[in-house]
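Please read the structure below before turning to the comments.
Chains as they are written, first to last, in my numbering: chain W, 13 to 294; chain V, 13 to 294; chain H, 13 to 294.
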């Protein structure tokens, strides 16, 4: 909050050397194009943008910063050339620290509430694979442009995990119920082409630059729209899902804590981490 | 109610000179085809069928009349050659009279409750542009046939207004959630062709006569259906949306009154009216 | 329950002469393919698989048996070469016995709760016509494969009946709202081709064997999915509809009893039965 207030004191045109200005936390970058007024929020946590406590807090802070700096919209993307976000960082859930795991889940709730409920137009430039939590971030935006040959989906059931209700309702707000249910049960990962066919993504672009340009074009469709009326309209449309989590934040946290501490879940995560290590050493 | 009771005393075959009978209030016409038993409800308030208090009351009364005269269905259309309805009459909202504005909004609620909840089959022959309130009327019907080269949509955000929840739920009952949300945020007007592609209208016709014939054909699909079972089925399917407004009529009215009296809204309406005047004098 | 416990004591490989094992109640057959672990539940009540009290109880018992015997999934089909199920047996509703009619409706509720809420993957091999209650069973499954030249739909309004809310919500979980509402109002029966086009069925097969193979293929998509995570995911997705009936079982029963005893409904059923007799004697 401090940061975003300071930012507002700096006139936009002055703050940029080229046509962009930028603030960086450790794990995210925010660049506001002063021509279009659109902010690009880049996730930058090598190697795979695993959503750990720090990255989630930085994403949350960046969204609040953008909301505060009067940007015209948010484009969410990744600095990684092949991965948008690999989803929740499994190291946060495997043999978790009692305090940290609570902060981690709370930060995830904060990110979703801020992104799904954002008052400005939001779009995802999906420049790489986007499983699980990565898909949650992308589907929380209003528009999705994806690069070819990647995959996206909520594959929780394949990892032996159950996605929380708000992951599911976000997914169901994009896909028809019949397809959403089937994909969630299957833990299905869609290729870019499949995602386009069912409407899980809206457009395909051949480069990150083109993806960002198409996202900017979508945000541009609101140029002649009253921003306050737009924000209130979006809020009203998403009120039910937002209120549901707001009302059940504590129960949702306790449910996750209980679940993640089940021996079977811990065992499953252990096996999964072992398989990742083997892959890495090949 | 009085009128519709009197009507029922007149045998249908006798009352018509040609094959149609007709009752007219000042701003609507009801013609019942005595061959098909289908009532055509025509909005007739020059120049653009702006929905003011009187037109809304006449539409409401006409729907009740049709429900009472045992018609087989309702076809809603316009006497204007290029406009179905331009939506809510802005003169009702700009510098409003304290009593009249309440009666106006209440009449709009009445029309929607009667049309969306109508026990008989309903279809709209959309023979002209259909923005905002015009789109609400069309989407409250069960079927839509539209003429080419017109536009339809809930463009409230472009006017700096927020559509009430029941406008949105009506719209969402026709379009997939993802498309409905985006269009509502954008205040998007769909061309006839675009509306057909996404399912916002069901058919395109090349003339008003053809549109009415196609609406009659749709209503004809219920010929072998038990009318009471049909009415109860429709009621059950639409119960949630209807109940929501019925439960919140007072709050919905107060919310509108509060909103419309905001200085920013009044200013916006003033600017809009000024731009209409300039257009008219060109 | 007894039966299914006994079954579990018999090692699967030993219990089969060919590659299938089978238990049969009077009106259903359950065959578990010991290669795939998938159970085929066949309705077998000549002449048309009319859902009477006994068939419903046998279907319910068979589902519970399959859930208990650790099968990998359920394929629901019919032994009749041209009819999947003709729906609720009208003889249960025409001049009903006071006790039996309550048991009948309760058994129908049990079947739906067990099938719609089943923890294992479910698919319907629709090898014949599937009106009303037959369509309910098919749409309660997660996947549908249908043979050509048959029809499927909830045609209650054509019979002067109103489908209960849970029939409708099951139907709406498969079709887009706009199409579901229209079809329910019309009592529309879809041909196989029409059903495929709107997504009411997922695939077409040219023989019962092929339909069952395609259902098995669908169930096979869960091979690498954690069964518990899958069951909890499905349960969460279907929780609202399931809870609604569970919460309103008694009211739903009383509503049906009241409705079925209306003179107009009894008269309608009588006329319908008379027409069936005439058809049969032609």
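We put the CB at the ideal spot given by N, CA and C, even for glycine.
For residue i and residue j, I'd like the C-alpha separation in whole angstroms.
i	j	result
residue 29 of chain V	residue 46 of chain V	With a pLDDT of only 31 at residue 29 of chain V, under 50, the local geometry of the prediction cannot be trusted, and the value read off the model is given with reservation. Distance between the alpha carbons of residue 29 of chain V and residue 46 of chain V: 11 Å.
residue 97 of chain H	residue 265 of chain W	45 Å
residue 201 of chain W	residue 174 of chain W	15 Å
residue 128 of chain H	residue 250 of chain H	8 Å
residue 229 of chain W	residue 216 of chain W	13 Å
residue 155 of chain W	residue 130 of chain W	13 Å
residue 109 of chain W	residue 115 of chain W	10 Å
residue 13 of chain H	residue 83 of chain H	With a pLDDT of 28 at residue 13 of chain H, under the threshold of 50, the modelled position of this residue cannot be trusted; read the value that follows with caution. Near 15 Å, if we compare the C-alpha coordinates of residue 83 of chain H and residue 13 of chain H.
residue 107 of chain V	residue 293 of chain V	23 Å
residue 286 of chain V	residue 225 of chain V	40 Å
residue 143 of chain V	residue 80 of chain H	57 Å
residue 53 of chain W	residue 243 of chain W	20 Å
residue 291 of chain W	residue 65 of chain W	25 Å
residue 75 of chain W	residue 133 of chain W	12 Å
residue 113 of chain H	residue 245 of chain V	23 Å
residue 104 of chain H	residue 268 of chain H	12 Å
residue 278 of chain W	residue 284 of chain W	10 Å
residue 207 of chain H	residue 263 of chain H	32 Å
residue 50 of chain H	residue 231 of chain H	8 Å
residue 261 of chain H	residue 271 of chain H	15 Å
residue 348 of chain H	residue 181 of chain V	With chain H represented from 13 up to 294, any question about residue 348 of chain H goes unanswered, as that position is not in the structure.
residue 7 of chain H	residue 239 of chain V	Lying outside 13 to 294, the shown extent of chain H, residue 7 of chain H is not represented and no answer is given.
residue 219 of chain H	residue 99 of chain H	22 Å
residue 196 of chain V	residue 186 of chain W	15 Å
residue 101 of chain H	residue 189 of chain H	28 Å
residue 38 of chain V	residue 77 of chain V	15 Å
residue 259 of chain H	residue 151 of chain H	21 Å
residue 87 of chain W	residue 236 of chain W	19 Å
residue 162 of chain W	residue 55 of chain H	44 Å
residue 211 of chain W	residue 280 of chain H	45 Å
residue 117 of chain V	residue 117 of chain W	45 Å
residue 10 of chain W	residue 257 of chain W	Nothing in the structure corresponds to residue 10 of chain W, since chain W is present only between 13 and 294.
residue 157 of chain W	residue 57 of chain W	21 Å
residue 223 of chain W	residue 48 of chain W	16 Å
residue 85 of chain W	residue 227 of chain W	10 Å
Looking at the unbroken alpha helix (DSSP H) that takes in residue i, where does it start and where does it end?
i	result
residue 322 of chain W	Examination of residue 322 of chain W is not possible in this model, given that chain W is present from 13 through 294 alone.
residue 288 of chain H	275-293
residue 50 of chain V	Where residue 50 of chain V is concerned, there is no enclosing alpha helix (DSSP H), although the beta strand (DSSP E) it sits in stretches over 50-55.
residue 102 of chain H	102-105
residue 181 of chain W	177-184
residue 251 of chain W	239-259
How far does the beta strand (DSSP E) with residue i in it extend, from its first residue to its last?
i	result
residue 40 of chain W	40-45
residue 159 of chain H	Residue 159 of chain H -> no beta strand (DSSP E), and no H or E assigned at all.
residue 87 of chain V	85-90
Residue i and residue j look like a contact to me (Cβ under 8 Å); what is the Cβ gap, rounded to whole Å?
i	j	result
residue 136 of chain V	residue 153 of chain V	4 Å
residue 92 of chain V	residue 60 of chain V	7 Å
residue 68 of chain W	residue 149 of chain W	Going by Cβ atoms, the distance from residue 68 of chain W to residue 149 of chain W rounds to 10 Å, so no, they are not a contact pair.
residue 183 of chain H	residue 192 of chain H	5 Å
residue 289 of chain H	residue 248 of chain V	Contact doesn't hold; Cβ gap of about 32 Å is too wide.
residue 209 of chain H	residue 168 of chain W	That pair is no contact at about 32 Å.
Do residue j and residue i have their beta-carbon atoms positioned less than 8 Å apart in this structure?
i	j	result
residue 123 of chain H	residue 164 of chain H	no
residue 233 of chain V	residue 198 of chain H	yes
residue 63 of chain H	residue 145 of chain H	yes
residue 89 of chain W	residue 160 of chain W	no
residue 71 of chain W	residue 94 of chain W	no
residue 171 of chain W	residue 147 of chain W	no
4 or more residues per run - each alpha helix (DSSP H) lying fully within the segment 195-236 of chain V: Here the runs fully enclosed are 204-210 and 220-232.
Uninterrupted alpha helix (DSSP H) stretches inside the segment 122-173 of chain W (no shorter than 4 residues): 145-152
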